[in-house]
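Structure, as structure tokens:
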Amino acid sequence: MSASINSAFVVANRAASLNDDDIHEKYEFVKQKILDDNSLTKKEKTKAISILNNSYDIAKVRYNSGTKRICESCNQECLATFYCEYCVQNYLKENFPYWTSGNISVDVLIMKSCQMKTLFPYGIIEWIPYEKLQNIKFLTKGGYSEIYTANWINGGYVGWHTKKQQLKKLGKRQKVILKTLGNVGSENKRWFDEAKIHLTISNKSLAIVQCYGLTQNTSDGNYMLVIRKMDMDLRKYLQQNHNQLTWEERIQITYDIIYSLDDIHREKAIHRDLHSKNILYSYYYQMFYISDLGFCGPAKKPPKTPEVINGKEYTFKSDIYSVAMLMWEISSGRPPFINYEHDYDLAMNIINGIRPKIVPGTPLEYKNLIEQCWDVDPLKRPDVYTLKNEIKKINISYQNNPSKLVANNNLKINKSNSLKSKDTNSALYTSQLHQFENLSEPRNATEGIVKYIN
Numbered sequence: 001m002s003a004s005i006n007s008a009f010v011v012a013n014r015a016a017s018l019n020d021d022d023i024h025e026k027y028e029f030v031k032q033k034i035l036d037d038n039s040l041t042k043k044e045k046t047k048a049i050s051i052l053n054n055s056y057d058i059a060k061v062r063y064n065s066g067t068k069r070i071c072e073s074c075n076q077e078c079l080a081t082f083y084c085e086y087c088v089q090n091y092l093k094e095n096f097p098y099w100t101s102g103n104i105s106v107d108v109l110i111m112k113s114c115q116m117k118t119l120f121p122y123g124i125i126e127w128i129p130y131e132k133l134q135n136i137k138f139l140t141k142g143g144y145s146e147i148y149t150a151n152w153i154n155g156g157y158v159g160w161h162t163k164k165q166q167l168k169k170l171g172k173r174q175k176v177i178l179k180t181l182g183n184v185g186s187e188n189k190r191w192f193d194e195a196k197i198h199l200t201i202s203n204k205s206l207a208i209v210q211c212y213g214l215t216q217n218t219s220d221g222n223y224m225l226v227i228r229k230m231d232m233d234l235r236k237y238l239q240q241n242h243n244q245l246t247w248e249e250r251i252q253i254t255y256d257i258i259y260s261l262d263d264i265h266r267e268k269a270i271h272r273d274l275h276s277k278n279i280l281y282s283y284y285y286q287m288f289y290i291s292d293l294g295f296c297g298p299a300k301k302p303p304k305t306p307e308v309i310n311g312k313e314y315t316f317k318s319d320i321y322s323v324a325m326l327m328w329e330i331s332s333g334r335p336p337f338i339n340y341e342h343d344y345d346l347a348m349n350i351i352n353g354i355r356p357k358i359v360p361g362t363p364l365e366y367k368n369l370i371e372q373c374w375d376v377d378p379l380k381r382p383d384v385y386t387l388k389n390e391i392k393k394i395n396i397s398y399q400n401n402p403s404k405l406v407a408n409n410n411l412k413i414n415k416s417n418s419l420k421s422k423d424t425n426s427a428l429y430t431s432q433l434h435q436f437e438n439l440s441e442p443r444n445a446t447e448g449i450v451k452y453i454n
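Residues 1 to 454 (the UniProt record's numbering) are what the sequence shown spells out, left to right.
This is how it looks when you write it as structure tokens:
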């Protein structure tokens with residue numbers, strides 16, 4: 001795709017996110033924006049609309065919305081126009097006899113839970129033989145996992161060939177990330193639970209960092225997730241671009257994160273470890289995606305939200321608290337509580353109502369949303385659906401009223417407060433959580449307590 005086509009499509013797609021929730025209105029909105037773009041040639045407009053049509057098909061199938069048609073190949077009623085979701089599933093099913101991971105549980109997970117529920121012919125979850133991965137290099141170690149980079153021969157599925165009635169592969173080497181999980185002999189089946197969460201959510205959502213499937217290291221038996229390689233994390237992005245970002249761009253970053261979290265919560269999963277190191281950026285799509293679903297699920301984990309620090313159950317609203325901290329970091333350009341380690345003192349400050357100081361020049365609507373999201377009472381925090389609608393309203397407001405944008409100078413951070421770290425790509429895809437004990441009951445700060453730090 002040429003830079004001009006990609007740029008036009010990204011801009012149009014961004015604008016569509018501000019339109020009504022109805023996907024059909026979004027489609028018409030984006031299509032018209034492409035047609036009205038005088039910087040594109042006729043050929044480029046045709047290509048951009050073709051890309052849009054593919055996205056529209058995905059949306060119709062995913063949300064089960066639109067006029068169905070009778071597929072000329074399988075005679076079933078399908079929603080997609082340029083492929084048939086049932087033909088894709090049938091093709092995958094016909095190929096079941098020709099591959100196996102050697103582990104029946106893994107085979108059933110990929111076949112039954114993923115491939116037979118595939119909705120579109122892109123990024124399909126598959127078993128990837130280890131010999132199909134080349135140039136494997138160690139990248140980093142974090143949490144429970146080791147992370148590697150690799151080249152995947154022929155890459156993943158990228159579309160449907162209507163005439164041949166088969167899926168199309170990328171056909172060239174694709175750079176990917178490998179994340180170790182565990183091996184079949186391990187007594188701890190945590191690796192399988194993590195794999196299941198990654199694969200099932202990735203199979204339905206294009207708003208999280210894409211997971212292509214599973215492989216197994218032939219030398220040590222460790223299973224590994226094969227994940228799309230991203231360009232950088234949000235923390236590094238803010239370090240490099242903070243002083244150049246407009247509020248329109250900051251709000252869009254926030255929307256990307258909330259949109260991605262909405263997909264996770266729709267699957268009844270809780271992320272439990274949201275921070276700027278596992279929000280990853282794609283230059284190609286100019287979007288941010290949530291990564292590191294290793295801590296996802298219903299079990300209790302102890303990140304730095306007031307109620308969980310204090311030993312309470314982690315809920316969907318705990319993720320919302322983490323969104324507040326991300327929103328603050330997006331506005332300030334630095335992580336919250338930068339002068340603290342993740343230790344007892346920080347935990348005490350958080351449950352006593354200490355929050356980062358709102359940055360001067362922050363739009364009132366954005367400030368109010370942050371404060372709602374980091375309220376000490378989880379019940380007073382908005383759910384992700386409400387949060388998505390509120391940030392969308394703010395986005396629309398700033399799109400329609402450019403004069404509301406705050407001058408960048410109001411947001412420049414003091415160099416002495418800037419993040420000082422060895423922030424490299426080696427930190428991508430890793431996380432670690434912390435445990436605290438014997439803490440007091442969480443509360444909102446009172447008038448007599450210094451509420452804000454940083």
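Glycine is no exception: its CB is placed at the ideal position from the N, C-alpha and C atoms.
Model, not experiment: these values are computed from the prediction.
Exercise for the section: Per DSSP, which residues does leucine 326 bridge with? Please list them. Expected result: In the DSSP assignment, leucine 326 forms no beta bridge with any residue.
Practice task
Give the DSSP-derived three-state secondary structure of isoleucine 70 in the structure shown.
Solution key: Shown here, isoleucine 70 sits in a strand according to DSSP, grouped into three states.
Problem - Beta carbon of threonine 118 nearer than 7 Å to that of isoleucine 124 - result: Yes, the Cβ-Cβ distance between threonine 118 and isoleucine 124 is below 7 Å.
Handout entry: Counted within 10 angstroms of its Cβ, other Cβ atoms place asparagine 410 as buried (16 or more) or exposed
Key = Bear in mind that the predicted position of asparagine 410 carries a pLDDT of just 46, short of 50, making it unreliable; the figure below should be weighed with that in mind. Burial call: exposed.
Practice task
Give the straight-line distance between the Cα atoms of arginine 228 and glutamate 371, rounded to the nearest whole angstrom.
Solution key: If I take the Cα positions, the gap works out to 34 Å.
Handout entry: Inter-residue Cα distance where the pair is aspartate 256 and leucine 234
Key = Their Cα atoms are separated by approximately 11 Å.
Exercise for the section: With a threshold of 6 Å, establish whether the CB of cysteine 74 neighbours any heavy atom of the ligand FMN. Expected result: This structure lacks the ligand FMN; in fact it carries no ligand of any kind.
Exercise for the section: Compare the C-alpha of residue 457 against each of Glu72, Phe337, Arg62 and name the closest. Expected result: Because residue 457 is not part of the residues shown, which for the chain are 1 to 454, the question remains open.
Handout entry: Per DSSP, cross-strand counterpart(s) of methionine 232
Key = Within the DSSP bridge table, the entry for methionine 232 names Tyr281 as partners.
Practice task
Can you say whether proline 360 is buried or exposed, counting buried as having 16 or more other CB atoms within 10 angstroms of its CB?
Solution key: Within 10 angstroms of the beta-carbon of proline 360 lie fewer than 16 other beta-carbons, which makes it exposed.
Practice task
Given a cut-off of 7 Å, decide if tyrosine 223 and tryptophan 191 are closer than it, judged by their beta-carbon atoms.
Solution key: A contact, by the Cβ cut-off of 7 Å.
Problem - Backbone secondary structure at tryptophan 247 - three-state DSSP - result: Helix at tryptophan 247.
Exercise for the section: Give a yes or no on whether the C-beta atoms belonging to residue 456 and leucine 139 are separated by under 7 Å. Expected result: In the structure displayed, the chain extends from 1 to 454; residue 456 sits before or after that span and is not available.
Problem - Nearest to tyrosine 86 (by Cα), restricted to the options Gly66, Ile104, Tyr56, Pro121 - result: Minimum Cα distance to tyrosine 86 is reached at Pro121.
Handout entry: Proximity of asparagine 395 and isoleucine 251 at Cβ, strictly below 7 Å
Key = In this structure, asparagine 395 lies near isoleucine 251, with their beta-carbon atoms less than 7 Å apart.
Exercise for the section: Rounded to whole angstroms, what's the CA-CA distance from isoleucine 136 to asparagine 151? Just pull it up for me. Expected result: Approximately 7 Å between the Cα atoms of the pair.
Problem - Proximity to alanine 59 [Cα-Cα], best of His271, Tyr83, Leu261, Cys74 - result: Of the listed residues, the one whose Cα sits closest to alanine 59 is Tyr83.
Problem - Limits of the unbroken beta strand (DSSP E) element including serine 101 - result: Looking at the DSSP string, serine 101 is not in any beta strand (DSSP E), and its letter there is neither H nor E.
Exercise for the section: Take isoleucine 270 as the anchor and find which of Pro129, Gln76, Leu293, Tyr281 has the nearest alpha-carbon. Expected result: That would be Leu293, whose Cα lies nearest to the Cα of isoleucine 270.
Exercise for the section: Using the DSSP secondary-structure output, state which residues sit across from lysine 169 in a beta bridge. Expected result: Beta-bridge pairing links lysine 169 to Tyr157.
Handout entry: Straight-line Cα distance separating tyrosine 283 from lysine 33
Key = Each residue's alpha carbon lies about 22 Å from the other.
Handout entry: tryptophan 152, enclosing alpha helix (DSSP H) - first and last residue
Key = For tryptophan 152, there is no enclosing alpha helix (DSSP H); the enclosing beta strand (DSSP E) covers residues 145-152.
Handout entry: Within 7 Å, strictly: CB atoms of serine 318 and tyrosine 289
Key = Not a contact, by the Cβ cut-off of 7 Å.
Practice task
Look at the Cβ atom of isoleucine 351, then the Cβ atom of isoleucine 309, and state whether they are nearer than 7 Å.
Solution key: Against a cut-off of 7 Å, the Cβ pair of isoleucine 309 and isoleucine 351 comes out as a contact.
Handout entry: Same chain, Cβ closer than 6 Å to isoleucine 264, five either side skipped, listed in chain order
Key = Taken in chain order, the residues that qualify are His271.
Problem - Separation of serine 322 from histidine 275, as counted between CA atoms - result: Answer to the nearest angstrom: the Cα atoms are 7 Å apart.
Exercise for the section: Let me know the secondary structure DSSP gives tryptophan 374 once reduced to three states. Expected result: Coil, per DSSP.
Problem - When Asn75, Leu35, Ala80, Cys373 are compared against isoleucine 67, the one with the closest alpha-carbon - result: Note that residue 67 corresponds to threonine in the displayed sequence, not to isoleucine. With respect to the C-alpha of threonine 67, the residue from Asn75, Leu35, Ala80, Cys373 having the closest C-alpha is Ala80.
Problem - Top-ranked residue by Cα proximity to glutamate 365, from Tyr340, Lys93, Ser397, Pro336 - result: If we check each option's Cα against that of glutamate 365, Ser397 comes out closest.
Problem - Cβ shell of aspartate 36 (< 8 Å), same chain only, five flanking positions each side left out - result: Within the same chain, no residue comes within 8 Å of aspartate 36 by CB-CB distance, once the 5 residues on both sides are set aside.
Problem - Distance between cysteine 114 and proline 336 (C-alpha atoms, nearest Å) - result: In this structure, the CA atom of proline 336 is about 38 Å from the CA atom of cysteine 114.
Handout entry: Same chain only: Cβ atoms within 6 Å of arginine 266, ignoring 5 sequence neighbours per side
Key = Taken in chain order, the list of residues that qualify is empty.
Practice task
Measure how close the beta-carbons of isoleucine 128 and threonine 215 come, nearest whole angstrom, since I'm counting them as under 8 Å.
Solution key: Contact flag correct, Cβ pair sits at about 4 Å.
Practice task
Can you grab the Cα-Cα spacing for the pair aspartate 57 / methionine 327, in whole Å?
Solution key: Going from the Cα of aspartate 57 to the Cα of methionine 327 covers about 32 Å.
Exercise for the section: Ignore the nearest five residues each way along the sequence and tell me which others in tyrosine 130's own chain have a CB closer than 7 Å to its CB. Expected result: When the five nearest sequence neighbours on each side are left out, the beta carbons in the same chain lying within less than 7 Å of the beta carbon of tyrosine 130 are those of Thr215, Gln216, Asn217, Thr218, in order along the chain.
Exercise for the section: Can you grab the Cα-Cα spacing for the pair isoleucine 201 / lysine 268, in whole Å? Expected result: Rounded to whole angstroms, isoleucine 201 to lysine 268 spans 10 Å at the Cα level.
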